[in-house]
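Engineer: Protein chains in written order, with the working numbering: chain H, 333 to 526; chain X, 333 to 526. Ideal placement from N, C-alpha and C gives every residue a C-beta, glycine not left out.
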DNA sequence: TTTTTCTCTTAACCTACATTATTGTTATGC
DNA sequence: GCATAACAATAATGTAGGTTAAGAGAAAAA
């Protein structure tokens, strides 16, 4: 099991002792999930942080017309969650499920709070993680406000180069914010122009 | 000068001693800015964190056609910045200027790093700030992907109730992602329908 | 294998929002 | 107190992207 992915990830930003690592690991719960299996649904309270070891998860919302809008994909090494629900322990608005069969680790919010007290360096680690995520969301929002669908598609390919090959087009469309029909048309127009 | 706004803000999340407060305050730089005055421009390296005491700032990008897209307004009590540039100390892509005459405090990144070492509780404070901002961006992105212009306008009114009265319509349009012409038309259609 | 369910493509038609232009109104600077 | 720039309203026309529908492959299920 590829747990070291999480530890090397942490080690990039803070230095932990062997005991501290073991303390963290003792509180983690491992889980294998099958493709399409849900980890979180609208209305649930987000009690645990999710970190992906293998496979891929995604978070998305479903609008009043039943259409999915994908907020994030989480390949190995990424965290994923409904932040508002996690912070406030209130019912969430997102869904999280597995795009592929995946292995993940979960950390209860209550255990995380204890860890912050026991290992204050983790405050630093999660501050840095949150700040980086924030920068990514600022970038994505500007993209959504200022770029055309084709430009957003190209940005997507740059952000998730490993995913673009294996994801169904439909999901790419739900991420960049167009219908599958329009994405299909758009990509074929480019080919014709070549 | 309303510096206590920052200290009470911090006190909501962590408890500081008098000396720690003084240490922080000693590193802050005060600044008064006039309406439309720039604090940061595309290409600059974001060397200091900005916190608003009075007035209002905004961050925005300018696209290849010269149109502004507003990422955030910062009324009193809010932080604002180009996160990517601040983290990586690389040239930024945003502009930050004053919507109204404002008083702000600035904290150099290099001083902030020292503060993290001297007062580890601040790691916690800024982790919480970043996580809340993250939740807000997740929400806004879902809005932009799934709502119509009118619904985004209503959401804007809910998020910034104090601003909606005093901001030029043009800036609201640049925030919700429509042209000023369309926003004008849209709002008048509603009035007619009443 | 066969059936069923997804996914992709194509195409005709539709609409939310953009563009351009004009005119009137309101701030703001000198 | 006037000049100039910024903002708002309206309207005609344009277009990126949505909607609906129907058929072909591919993959999952049985």
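Could you check how far apart the C-beta atoms of residue 401 (chain H) and residue 428 (chain X) are, in whole angstroms? I think they sit under 8 Å.
Structural biologist: Looking up residue 401 (chain H) in the first chain gives position 69. Looking up residue 428 (chain X) in the second chain gives position 96. 29 Å between Cβ atoms; not a contact.
Engineer: Where are the alpha helix (DSSP H) runs, 4 residues long or more, that stay fully inside the segment 341-394 of chain H, in chain order?
Structural biologist: Whole alpha helix (DSSP H) segments, 4+ residues: 350-359.
Engineer: Once DSSP output is grouped into helix, strand and coil, what is the label at residue 334 (chain H)?
Structural biologist: On the first chain, residue 334 (chain H) is found 2 positions in, with the first residue counted as 1. In this structure, residue 334 (chain H) counts as coil in the three-state DSSP scheme.
Engineer: Output, in chain order, the set of chain X residues within a Cβ distance shorter than 7 Å of residue 485 (chain H).
Structural biologist: For the purposes of this step, residue 485 (chain H) is taken as residue 153 along the first chain, with counting starting at 1. Correct list: empty, because the minimum Cβ distance to chain X is about 15 Å.
Engineer: Using C-beta distances below 8 Å, list every residue in its chain close to residue 399 (chain X), excluding the 5 sequence neighbours before and after it, in chain order.
Structural biologist: As a position in the second chain, residue 399 (chain X) is number 67, starting the count at 1. Excluding residues within five positions, the ones whose Cβ falls inside 8 Å are 506.
Engineer: Quick one: grab the DSSP three-state call for residue 530 (chain X).
Structural biologist: Because chain X in this structure spans residues 333 to 526, residue 530 (chain X) falls outside the shown range and cannot be described.
Engineer: In whole angstroms, give me the CA-to-CA distance for residue 526 (chain X) and residue 499 (chain X).
Structural biologist: Within the second chain, numbered from 1, the residue matching residue 526 (chain X) stands at position 194. Within the second chain, numbered from 1, the residue matching residue 499 (chain X) stands at position 167. Residue placement at residue 526 (chain X) is poorly supported in this model, since its pLDDT is 30, which falls under 50; the coordinates still yield a value, given next. Residue 526 (chain X) and residue 499 (chain X): Cα-Cα distance of roughly 24 Å.
Engineer: Taking only three categories from DSSP, how would you classify residue 318 (chain H)?
Structural biologist: Nothing can be reported for residue 318 (chain H): it is not among the residues displayed for chain H, which extend from 333 to 526.
Engineer: Is any beta-carbon of chain X found at less than 8 Å from that of residue 382 (chain H)?
Structural biologist: Sequence index remark: in the first chain, residue 382 (chain H) carries index 50 (1-based). No, residue 382 (chain H) does not count as interfacial toward chain X.
Engineer: Would you decide whether residue 424 (chain X) is buried or exposed? Buried here means 16 or more other CB atoms lie within 10 Å of its CB.
Structural biologist: Along the second chain, one-based indexing puts residue 424 (chain X) at 92. When all chains shown are included, residue 424 (chain X) counts as buried.
Engineer: I need the boundaries of the alpha helix (DSSP H) containing residue 466 (chain X), first residue and last residue.
Structural biologist: Residue 466 (chain X) sits at position 134 when you count from the first residue of the second chain. Counting along the chain, the alpha helix (DSSP H) containing residue 466 (chain X) begins and ends at 453-478.
Engineer: If you follow the alpha helix (DSSP H) that residue 502 (chain H) is part of, which residue opens it and which one closes it?
Structural biologist: Translated into the one-based positions of the first chain, residue 502 (chain H) becomes position 170. From DSSP, the alpha helix (DSSP H) with residue 502 (chain H) extends over 501-508.
Engineer: Check whether the Cβ atoms of residue 457 (chain H) and residue 342 (chain H) sit closer than 8 Å, and answer yes or no.
Structural biologist: As a first step, residue 457 (chain H) must be located in the first chain, where it is residue number 125. As a first step, residue 342 (chain H) must be located in the first chain, where it is residue number 10. Result yes, Cβ atoms of residue 457 (chain H) and residue 342 (chain H) sit closer than 8 Å.
Engineer: Just tell me which of X:476, X:383, X:495 and X:490 has its CA closest to the CA of residue 409 (chain X).
Structural biologist: To locate residue 409 (chain X), count along the second chain from 1; it is residue 77. Per the Cα distances, X:383.
Engineer: On the premise that residue 426 (chain X) lies in contact with residue 393 (chain X), defined as a C-beta separation below 8 Å, what is that separation, rounded to the nearest angstrom?
Structural biologist: Sequence index remark: in the second chain, residue 393 (chain X) carries index 61 (1-based). Sequence index remark: in the second chain, residue 426 (chain X) carries index 94 (1-based). Yes, residue 393 (chain X) and residue 426 (chain X) are in contact; Cβ-Cβ is about 6 Å, under 8 Å.
Engineer: Please confirm whether any heavy atom of the ligand ZN lies closer than 7 Å to the CB of residue 389 (chain X).
Structural biologist: Among the components modelled here there is no ligand, and therefore nothing to report on the ligand ZN.
Engineer: Determine the contact status of residue 462 (chain X) and residue 472 (chain H), defining contact as a CB-CB distance below 8 Å.
Structural biologist: Start at 1 with the first residue of the second chain, and residue 462 (chain X) comes out as number 130. Start at 1 with the first residue of the first chain, and residue 472 (chain H) comes out as number 140. The answer is no: Cβ separation not under 8 Å.
Engineer: Would residue 476 (chain H) and residue 476 (chain X) be called neighbours here (beta carbons separated by less than 8 Å)?
Structural biologist: Counted from its first residue, the first chain places residue 476 (chain H) at position 144. Counted from its first residue, the second chain places residue 476 (chain X) at position 144. Yes; because the gap between Cβ atoms is below 8 Å, this pair is in contact.
Engineer: State the Cα-Cα distance for the pair residue 373 (chain H) and residue 347 (chain X), rounded to the nearest angstrom.
Structural biologist: For this step, residue 373 (chain H) is matched to residue 41 along the first chain. For this step, residue 347 (chain X) is matched to residue 15 along the second chain. So the alpha carbons of these two residues sit roughly 36 Å apart.
Engineer: Given 8 Å as the limit, is there contact between the segment 487-496 of chain H and the segment 490-498 of chain X, that is, 3 or more CB pairs closer than that?
Structural biologist: They do not touch, by the three-pair rule.
Engineer: Could you give the residue range of the alpha helix (DSSP H) that holds residue 486 (chain H)?
Structural biologist: Against the first chain, residue 486 (chain H) aligns to sequence position 154. Counting along the chain, the alpha helix (DSSP H) containing residue 486 (chain H) begins and ends at 481-491.
Engineer: Under the rule that 16 or more other beta-carbon atoms within 10 Å means buried, what is residue 369 (chain X), buried or exposed?
Structural biologist: For this step, residue 369 (chain X) is matched to residue 37 along the second chain. Per the 10 Å Cβ criterion, exposed.
Engineer: Just to confirm my understanding: we take residue 367 (chain X), look at its own chain, exclude 5 residues before and 5 after, and list those with CB closer than 6 Å. What are they?
Structural biologist: For the purposes of this step, residue 367 (chain X) is taken as the residue at position 35 of the second chain. These residues qualify, in order along the chain: 430, 432 and 433.
Engineer: Measuring straight from C-alpha to C-alpha, what distance separates residue 377 (chain H) and residue 411 (chain H)?
Structural biologist: The residue given as residue 377 (chain H) occupies position 45 in the first chain. The residue given as residue 411 (chain H) occupies position 79 in the first chain. Taking the straight line joining both Cα atoms gives about 17 Å.
Engineer: How would you list, in chain order, the residues of chain X whose beta-carbon sits under 7 Å from the beta-carbon of residue 398 (chain H)?
Structural biologist: Taking the first residue of the first chain as position 1, residue 398 (chain H) is located at position 66. In chain order: nothing, as chain X lies at least about 11 Å away.
Engineer: Between the segment 452-466 of chain X and chain H, which residues of the former have a C-beta closer than 7 Å to a C-beta of the latter?
Structural biologist: Result list: 452, 455, 456, 458, 459, 462, 463, 464, 465 and 466.
Engineer: So, does the CB of residue 469 (chain H) fall closer than 8 Å to a CB anywhere in chain X?
Structural biologist: Translated into the one-based positions of the first chain, residue 469 (chain H) becomes position 137. Yes - at least one Cβ of chain X is within 8 Å of the one on residue 469 (chain H).
Engineer: Residues in the same chain with beta-carbon distance under 8 Å from residue 504 (chain H), minus the five sequence neighbours each way, listed in chain order, please.
Structural biologist: To locate residue 504 (chain H), count along the first chain from 1; it is residue 172. Closer than 8 Å at Cβ, skipping near neighbours: 485, 488, 496 and 515.
Engineer: With H, G and I counted as helix, E and B as strand and the rest as coil, what does DSSP make of residue 434 (chain H)?
Structural biologist: Position 102 of the first chain, counting from 1, holds the residue named residue 434 (chain H). Reduced to three states, the DSSP call for residue 434 (chain H) is strand.
Engineer: Considering only DSSP beta bridges, list what residue 428 (chain H) is partnered with.
Structural biologist: For the purposes of this step, residue 428 (chain H) is taken as the residue at position 96 of the first chain. Answer is H:372 and H:391, bridged to residue 428 (chain H).
Engineer: Could you check which residue in H:510, H:450, H:406 and H:390 has the C-alpha nearest to that of residue 356 (chain H)?
Structural biologist: By 1-based counting over the first chain, the position of residue 356 (chain H) is 24. Ranking the options by Cα distance to residue 356 (chain H), first place goes to H:450.
Engineer: Determine whether the Cβ of residue 424 (chain X) lies closer than 8 Å to any Cβ atom of chain H.
Structural biologist: Translated into positions along the second chain, residue 424 (chain X) becomes position 92. Not closer than 8 Å to any Cβ of chain H, the Cβ of residue 424 (chain X) fails to qualify, so no.
Engineer: For residue 416 (chain X) versus residue 404 (chain H), is the C-beta spacing smaller than 8 Å?
Structural biologist: Counted from its first residue, the second chain places residue 416 (chain X) at position 84. Counted from its first residue, the first chain places residue 404 (chain H) at position 72. No; because the gap between Cβ atoms is not below 8 Å, this pair is not in contact.
Engineer: Looking at the strands, I want to know which residues DSSP matches up with residue 410 (chain X).
Structural biologist: Counting from one through the second chain, the residue named residue 410 (chain X) turns up at place 78. Residue 410 (chain X) pairs with nothing; no bridge assigned.
Engineer: Quick one: list the residues of chain H neighbouring residue 367 (chain X), beta-carbon separation under 9 Å, in chain order.
Structural biologist: Translated into positions along the second chain, residue 367 (chain X) becomes position 35. Here the premise fails: no neighbours, minimum Cβ distance about 23 Å.
Engineer: Does any residue of chain X have a CB that is nearer than 8 Å to the CB of residue 348 (chain H)?
Structural biologist: Counted from its first residue, the first chain places residue 348 (chain H) at position 16. No, no contact with chain X.
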